[in-house]
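J.:
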Amino acid sequence: MIILYLSRDKQKLALKISGPNFNVIKDILKEHWFKFEPEFEYNDMVWLKDIDESKDALEELLKIENFDISAEIYSLLVPKPETEKFRIKYNSEILGGTPIGPYQEETIKRGVKQSRLYLAHKPGLGKTFMVSGILNHLVYEKLVDKILIVAPTESIYNFRRELLRFNTFGLKEEEIYVANASRRNPFQSHVKVAIMTYRSFLMLSDEAYKKTKKPKKGEKASKDYRSACLPLGEWGKERAIILDEAHLIKNRKSRWTKVLHLHKHYFRFRYLLSGTPY
0 MIILYLSRDK QKLALKISGP NFNVIKDILK EHWFKFEPEF EYNDMVWLKD IDESKDALEE
60 LLKIENFDIS AEIYSLLVPK PETEKFRIKY NSEILGGTPI GPYQEETIKR GVKQSRLYLA
120 HKPGLGKTFM VSGILNHLVY EKLVDKILIV APTESIYNFR RELLRFNTFG LKEEEIYVAN
180 ASRRNPFQSH VKVAIMTYRS FLMLSDEAYK KTKKPKKGEK ASKDYRSACL PLGEWGKERA
240 IILDEAHLIK NRKSRWTKVL HLHKHYFRFR YLLSGTPY
């Protein structure tokens, strides 16, 4: 087990190491941090070098199974990728005259200027409405022509209903495709909005849906990829993805997370929603 501590000025780290991975972690730290430092023992607390000099070691530590790190420390060690900023002016008329709260208006104003956003409002505060307002601006400015929404099962039809209610770009019912076990071709040219569960997205992914081949006599069983849908690259020109209850992908090792990372380059705009972001 490794426990990281952050100094008050957020410039240095301290750590304690214990557990079965002690020697492995110790070797990594000695290589990156302790070339000229004294020896340290099991469960000792040791101050490290400056934050900026700690990034290479962090990458090695993250490869160790069962090693975790707090979001605060991770954000300091690994710089956030720069997000695109756009010269889009907030326009209340694009929202179609829907009554809006001050915090919702402020969120939409900020959201229309970012290509990536994490909305972490509490349940019931209107995250679906706010992301709809952002999408209205992006479609109006012709920055987006296709939208993919991935959500838990219980949220699928709520998203469909809310989009039909709050969109101001003339979205029709037949332009929304809700994917399920019997409807597995959402990325058609006439579809503007595709909505599906995390499991459906996993199954539809060419890289994730594996089919076991029956082995011939004397051969070993093997798995082959099964193509279940059109490539995302052929679906429109500019795409946005919305992940509802995005805390479901916090596990870096889960198949959901890996498959979403595999396809993220298809989406210029990425928005994450969660009422419980922890």
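Residue numbers for the sequence shown follow numbering that gives the first Met the number 0, beginning at 0 and rising by one.
By construction, the Cβ of each residue, glycine as well, lies at the ideal position given by its N, Cα and C atoms.
1) In whole angstroms, what is the alpha-carbon distance linking P101 and V130?
2) Report the three-state DSSP secondary structure of Y89 (helix, strand or coil).
3) Under 8 Å, do T127 and E161 count as touching if we go by C-beta distance?
4) Tell me the DSSP secondary structure of Q310 in three-state form.
5) For Y270, count neighbouring C-beta atoms within 10 Å of its own C-beta (all shown protein chains included) and say buried if the count is 16 or more, exposed if not.
6) Using 10 angstroms around the beta-carbon of G132, count the other beta-carbons present and answer buried if the total reaches 16, otherwise exposed.
7) Give the range of the beta strand (DSSP E) segment to which I240 is assigned.
8) Taking the straight line between their C-alpha atoms, what separation do you get for T196 and E140?
9) Assuming I107 and A150 form a contact by the criterion Cβ under 8 Å, report the distance between their Cβ atoms to the nearest whole angstrom.
10) Going by DSSP, what residue range makes up the alpha helix (DSSP H) through Y139?
11) Report yes if the CB atom of F200 is closer than 8 Å to the CB atom of R238, and no otherwise.
12) According to DSSP, is N157 helix, strand or coil?
13) Nearest CA to the CA of I175: which residue from R109, G235, L163 and S91?
14) From I155, F168 and F165, pick the residue whose C-alpha is nearest to that of A178; which is it?
15) What separation, rounded to the nearest whole angstrom, lies between the Cα atoms of A119 and G274?
16) Between N166, N157, G110 and L142, which has its C-alpha nearest E92's C-alpha?
17) According to DSSP, which residues form a beta bridge with F168?
18) Just list the residues that DSSP pairs L271 with in beta bridges.
19) Can you name the start and end residues of the beta strand (DSSP E) that L147 belongs to?
20) CB K191 to CB L170, shorter than 8 Å?
21) Here's the rule I'm using: 16 or more other beta-carbon atoms within 10 Å means buried, otherwise exposed. How should G110 be labelled?
22) What residue does the alpha helix (DSSP H) around Y197 start on, and which one ends it?
23) Provide the residue(s) that pair with R182 in DSSP beta bridges, ordered along the chain.
24) Assign Q103 to one of two classes, buried (16 or more other C-beta atoms within 10 Å of its C-beta) or exposed (fewer than that).
25) Hey, how far is the Cα of W255 from the Cα of R198?
26) Exposed or buried, P185, counting other C-beta atoms within 10 Å across all chains shown (16 or more means buried)?
27) Taking the CB atoms as reference points, tell me whether N135 and L94 lie closer together than 8 Å.
T.: Per the coordinate set shown:
1) Going by the C-alpha atoms only, they are around 15 Å apart.
2) Residue state, collapsed to three classes: coil.
3) Contact check for T127 against E161 passes: the beta carbons are separated by less than 8 Å.
4) Residue coverage of the chain in this structure runs from 0 to 277, which leaves residue 310 outside it and unanswerable.
5) With 16 or more neighbouring CB atoms inside 10 Å of its own CB, Y270 falls in the buried class.
6) Counting Cβ neighbours within 10 Å, G132 comes out buried, since at least 16 surround it.
7) I240 -> beta strand (DSSP E) spans R238 to L242.
8) Straight-line Cα distance between these residues: approximately 28 Å.
9) For I107 against A150, the beta-carbon gap comes to about 20 Å, at or over 8 Å, which does not count as contact.
10) It spans K126 to Y139 - the alpha helix (DSSP H) in which Y139 sits, taken as one unbroken run.
11) The answer is no: Cβ separation not under 8 Å.
12) Here DSSP, grouped into helix, strand and coil, assigns N157 to helix.
13) Nearest to I175 by C-alpha distance, out of R109, G235, L163 and S91, is L163.
14) Closest by C-alpha distance to A178, out of I155, F168 and F165, is I155.
15) When the Cα atoms are used, A119 and G274 turn out to be separated by approximately 6 Å.
16) The option with the nearest alpha carbon to E92 is N166.
17) Answer by DSSP bridge pairing: none, since F168 is not bridged.
18) According to DSSP, which records beta bridges pairwise, L271 is partnered with Y117 and L242.
19) Unbroken beta strand (DSSP E) run through L147: K145 to V149.
20) Yes, these two residues count as a Cβ contact at 8 Å.
21) The C-beta of G110 has 16 or more other C-beta atoms within 10 Å across all chains shown, which makes the residue buried.
22) Start and end: Y197 to L203.
23) Partner(s): N179.
24) It counts as buried.
25) Cα to Cα, the separation comes out at about 8 Å.
26) With 16 or more other Cβ atoms within 10 Å, it is buried.
27) Yes, they are a contact pair.
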